[in-house]
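There are 2 protein chains.
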Amino acid sequence: MANLVEPHGGKGLVCALLHGGALEAEQERAAGMKQIEVSARAKGDLIMMGIGGFSPLTGFMGKADWKGICENFQMADGTFWPVPITLDVTKAEADSFKTGEEIALVRNGVVLATMKVDEKFEMSDADKKWECEKVFRGEGEESQGDTFWKIAEEDHPGVIMVMAQKEVNIAGPVKVLSEGTYPTEYKGVYLTPAETRAMFEERNWSNVAALQLRNPMHRSHEYLCKIAVEVCDGVLIHSLIGNLKPGDIPADTRVQAIDILIENYFVKDNVINAGYPLDMRYAGPREGLLHATFRQNYGVNNMLIGRDHAGVGDFYGLFEAQEIFDKIPQTGDTGKDLQCRPMKIDWTFYCHKCDGMASLRTCNHTKDDRVILSGTKLRKALSEGAEIVDHFGRIEVLDHLKLYYGSLTEKVEVKMQAAASGESM
Amino acid sequence: MANLVEPHGGKGLVCALLHGGALEAEQERAAGMKQIEVSARAKGDLIMMGIGGFSPLTGFMGKADWKGICENFQMADGTFWPVPITLDVTKAEADSFKTGEEIALVRNGVVLATMKVDEKFEMSDADKKWECEKVFRGEGEESQGDTFWKIAEEDHPGVIMVMAQKEVNIAGPVKVLSEGTYPTEYKGVYLTPAETRAMFEERNWSNVAALQLRNPMHRSHEYLCKIAVEVCDGVLIHSLIGNLKPGDIPADTRVQAIDILIENYFVKDNVINAGYPLDMRYAGPREGLLHATFRQNYGVNNMLIGRDHAGVGDFYGLFEAQEIFDKIPQTGDTGKDLQCRPMKIDWTFYCHKCDGMASLRTCNHTKDDRVILSGTKLRKALSEGAEIVDHFGRIEVLDHLKLYYGSLTEKVEVKMQAAASGESM
Chain H
155 MANLVEPHGG KGLVCALLHG GALEAEQERA AGMKQIEVSA RAKGDLIMMG IGGFSPLTGF
215 MGKADWKGIC ENFQMADGTF WPVPITLDVT KAEADSFKTG EEIALVRNGV VLATMKVDEK
275 FEMSDADKKW ECEKVFRGEG EESQGDTFWK IAEEDHPGVI MVMAQKEVNI AGPVKVLSEG
335 TYPTEYKGVY LTPAETRAMF EERNWSNVAA LQLRNPMHRS HEYLCKIAVE VCDGVLIHSL
395 IGNLKPGDIP ADTRVQAIDI LIENYFVKDN VINAGYPLDM RYAGPREGLL HATFRQNYGV
455 NNMLIGRDHA GVGDFYGLFE AQEIFDKIPQ TGDTGKDLQC RPMKIDWTFY CHKCDGMASL
515 RTCNHTKDDR VILSGTKLRK ALSEGAEIVD HFGRIEVLDH LKLYYGSLTE KVEVKMQAAA
575 SGESM
Chain F
155 MANLVEPHGG KGLVCALLHG GALEAEQERA AGMKQIEVSA RAKGDLIMMG IGGFSPLTGF
215 MGKADWKGIC ENFQMADGTF WPVPITLDVT KAEADSFKTG EEIALVRNGV VLATMKVDEK
275 FEMSDADKKW ECEKVFRGEG EESQGDTFWK IAEEDHPGVI MVMAQKEVNI AGPVKVLSEG
335 TYPTEYKGVY LTPAETRAMF EERNWSNVAA LQLRNPMHRS HEYLCKIAVE VCDGVLIHSL
395 IGNLKPGDIP ADTRVQAIDI LIENYFVKDN VINAGYPLDM RYAGPREGLL HATFRQNYGV
455 NNMLIGRDHA GVGDFYGLFE AQEIFDKIPQ TGDTGKDLQC RPMKIDWTFY CHKCDGMASL
515 RTCNHTKDDR VILSGTKLRK ALSEGAEIVD HFGRIEVLDH LKLYYGSLTE KVEVKMQAAA
575 SGESM
């Protein structure tokens, strides 16, 4: 009998999504509420609150939680949480409704949720800077001393996003009315925590790992994944299907490439190919913790963390996202502490002398024996139709990606431009 | 700061080995005691009791422990233990001393230990058969119904050993006076639990795996080991250096071959090559549990269990030694339950399509894509100096083994005959 890890926070799956009659009633009520347009990021957060991916959160965070999380990874009640989940509005918007009032959160004309505003708190530039210091500054070269702010405001997408937030954060519980187009656009891939848990239980998995992906799955990812397949009951290959940076490979292409990889190089029963609706926050080590936190809600107890997990430029140490798991506070209360454990893997590559995949922990050979290709170089080679070095990728997957790059100039340009404008959904 | 798993039984390392003045005094006292010659197996057991490898055992087991272990893997006080650790003597020997008396346990003229006889209990043929049924009968073909006894008494070395035991088991605490020739013959390889724990702590390991070996380490073992290196702090490569069957490769050759493998294909800091002084009990799944139990004492919390671990003929299901870990009783008391967890790995091999090592959990290709060689076929090829199939082994290791086989007809024949007579130490 499967015995999956409990959802984070000790309160089961906390799902704010309404269905059926309750949904219809709330939609009607929402029509009479003040409407506030929210960001793409907030949309992802709302859907996660809807489906239990952000358990035990019931809505956007107030100042005490925001502060505790920035300072020490803990909400006001001591529950672990790695990254503030806040909702920003303009001063004018904030003044247009009262504390205690219910408002409707909308995006592109769709009412995503209603929210009872419990609290408003101003976010000065100094506050935002403080949040950025706590959340985004790491131990890498670009995070050192004055360098951080010189580079971050122009080059760190997470910092840019927070600094661009509006002047007031509003907090309170939400009722979620929409999952957007995820259920239809990513049918069979967009799975809720309740759904993955049911699948794990059906397969009798209790020791489950997750592989985080936002880029195509190459042999290094395959190796991480297969290590986990060897020692766990199964692996959730979990791709970000929310918003990315312009130029990144779209989710449908990535998800198809994973299907091709599984078809040709995996035992199907041991992996599940799925996606989650969040945007990248680019928070480096803290994002690694967030990945583990919401994976726990999906039923995962081992989070694969490789080299430079969720890395941004040189802001973070290459293994900082692994080390941070040993530094977060432990209350001893399983309902409050993060239960999903990191499965830390070193820098991986194909090694000719090892005659297979290896890592810096297992291979004692030299650089010349190893096949190493950066994602950037790979994208260049793929888009130019150049040959990829032997043992780097799987031919079936590379062919699929080449197909995408080949089609790019013809029909995808329009889509890319849409993406560049800030949203790919 | 390293935080190693506690020794089994919740009482720290229980070591019966005497040193210095206490040793000398006991040696003198032993000279006045009744001497009982013990088996090679008992010698291994005594050394393990001496160095804490069998913590929390203080001596050979009485009837209540023997019965509880056979029936339900538990000693009389509820502490987990997988295999009876008993000492057999003849009826005449048993009659030559009283309960409460101290006796000396000797082998080949060396006093190994003294023992205070707390209990004598007769072991009829029916008792021995019952022990064999409980300990050695498994779920494999040769364990089914009447087949078991038809085959086991001639072909199961564990059953043969128990059935050949003398008529009376004697129980009581021991004081161990000798580690035999292990410390000198296997200097640097024969490590005590206190020594491995100190080494783990020095390396800051807390999550440690062990690889059990009694045969040369080929690529499948290397693969198991490297999976563990990837996900744990380090791996103890732990070879049986006690007695084997005639025809098996001697421990020194195996240990050298492991050194060669580590030198050429491992990151040295991540593995430790060591040996333990026990004989094989050939108890299949229960032996797998014993491997995990004494490894916990060595500071190991993950026991690698592959396909047909400690298997004998077709007496056991290929993964029975993995499954049994889920069937043993749990009291909920960490002092009593086995804390060392199995790291279960499926059948492994090199696969041409996977382009590396894989297992039935990760590879979906066909038999023809895989390089599979049985240990028996390998030994035959090595002893005939034949070429080993590509990707099966490491050339440096195979060369070393060929050297051994080449020298066999010249100088090793005498040694092998000695081994065939029942003891290789």
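For the protein sequence lines, the chains are H and F, in the order given.
First residue of the first sequence? That's 155 in the numbering used here, and the numbers climb one at a time after it.
First residue of the second sequence? That's 155 in the numbering used here, and the numbers climb one at a time after it.
C-beta: ideal position from N, C-alpha, C; glycine also.
Just so you know, these numbers come straight off a predicted model, no measurement behind them.
Contact annotation: H:Glu321 and H:Lys245 have beta-carbon atoms nearer than 8 Å. Annotation for H:Met315: the continuous alpha helix (DSSP H) segment containing it runs 311 to 317. Counted as a single uninterrupted DSSP element, the beta strand (DSSP E) harbouring H:Pro496 occupies residues 495 to 498. Within the same chain, and ignoring the five residues on either side of F:Asn226 in sequence, the residues whose Cβ sits closer than 8 Å to its Cβ are Pro483. Of all residues in the region 529 to 558 of chain F, only His545 come within less than 8 Å of chain H when Cβ atoms are compared, listed by chain position. The continuous alpha helix (DSSP H) containing F:Pro347 extends over residues 347 to 356. Non-local C-beta neighbours of H:Met315 in its own chain, meaning closer than 8 Å and more than five positions away in sequence, comprise Arg195, Arg435, Tyr436, ordered along the chain.
As far as DSSP is concerned, F:Val543 takes part in no beta bridge. In the three-state reduction of the DSSP assignment, F:Met215 falls in the coil class, being assigned neither a helical nor a strand state. Proximity of F:Asn518 to chain H, defined by a Cβ-Cβ separation below 8 Å, is satisfied. Among the bridge pairs identified by DSSP, H:Phe503 is matched with H:Ala512.
Counting only the Cα atoms, H:Leu211 lies some 29 Å from H:Ala382.
Considering only H:Ala184, H:Val264, H:Gly312, the residue with the shortest C-alpha distance to H:Ile257 is H:Ala184. Setting aside the 5 residues that flank it on each side, F:Ser374 is surrounded in the same chain by Thr502, each with a C-beta closer than 6 Å to its C-beta; the list follows chain order. Closer than 7 Å at the C-beta level to chain F, one finds these residues of the region 499 to 512 of chain H: Ile499, Cys508, Asp509, Gly510, Met511. Every alpha helix (DSSP H) of 4 residues or more that sits fully in the region 230 to 258 of chain F is shown, in chain order, as 245 to 249.
In chain order, Glu256, Ile257, Ala258, Thr268 place their CB closer than 7 Å to the CB of H:Met187, counting only its own chain and leaving out the 5 sequence neighbours on each side. Using a Cβ-Cβ cut-off of 8 Å, F:Lys380 is close to Ala512, Thr516 of chain H, given in chain order. When the five nearest sequence neighbours on each side are left out, the beta carbons in the same chain lying within less than 7 Å of the beta carbon of F:Glu376 are those of Leu415, Tyr419, in order along the chain. Sequence-distant partners of F:Met371 (beyond 5 residues in either direction) whose C-beta falls short of 6 Å from its own C-beta, in its chain, are Ile412, Leu415. Beyond the five residues adjoining it in sequence on each side, H:Gly204 comes within less than 6 Å, by CB distance, of Ala170, Leu171, Val330 in the same chain, given in chain order. Annotation: H:Thr335 to H:Asp523 spans about 46 Å, alpha carbon to alpha carbon. For H:Ala325, the closest of H:Gly216, H:Trp359, H:Gly396 by C-alpha to C-alpha distance is H:Gly216. Using a Cβ-Cβ distance cut-off of 8 Å, the region 352 to 367 of chain F and the region 457 to 476 of chain F are in contact, since at least three pairs of beta carbons, one from each stretch, lie closer than that value. Taking F:Arg291 as the centre and dropping the five residues before and after it, the same chain places the C-beta of Ser297, Phe302 closer than 6 Å to its C-beta, in chain order. Of the other Cβ atoms in all chains shown, 16 or more fall within 10 Å of the Cβ of F:Val289; this residue is therefore buried. Excluding five sequence positions before and after F:Met317, the CB atoms of its chain that fall closer than 6 Å to its own CB belong to Lys282, given in chain order. For H:Val421, there is no enclosing beta strand (DSSP E), since its DSSP letter is neither H nor E. In this structure, F:Gly206 sits near F:Thr346, with a CB-CB distance shorter than 8 Å.
Non-local beta-carbon contacts of H:Leu472 in its own chain, meaning distances under 7 Å to residues more than five positions away in sequence, involve Arg461, Asp462 in chain order. F:Ala540 and F:Ala512 have their C-alpha atoms spaced approximately 25 Å apart. Between F:Thr350 and F:Gly453, the C-beta spacing is below 8 Å.
Scanning the region 432 to 463 of chain F for uninterrupted beta strand (DSSP E) segments of 3 residues or longer gives 456 to 459, listed from N- to C-terminal end. A direct Cα-to-Cα measurement between F:Glu160 and F:Ile223 gives close to 22 Å.
The criterion of a C-beta distance shorter than 8 Å is satisfied by H:Leu158 and H:Glu355.
DSSP, read as helix, strand or coil, puts H:Glu182 in helix.
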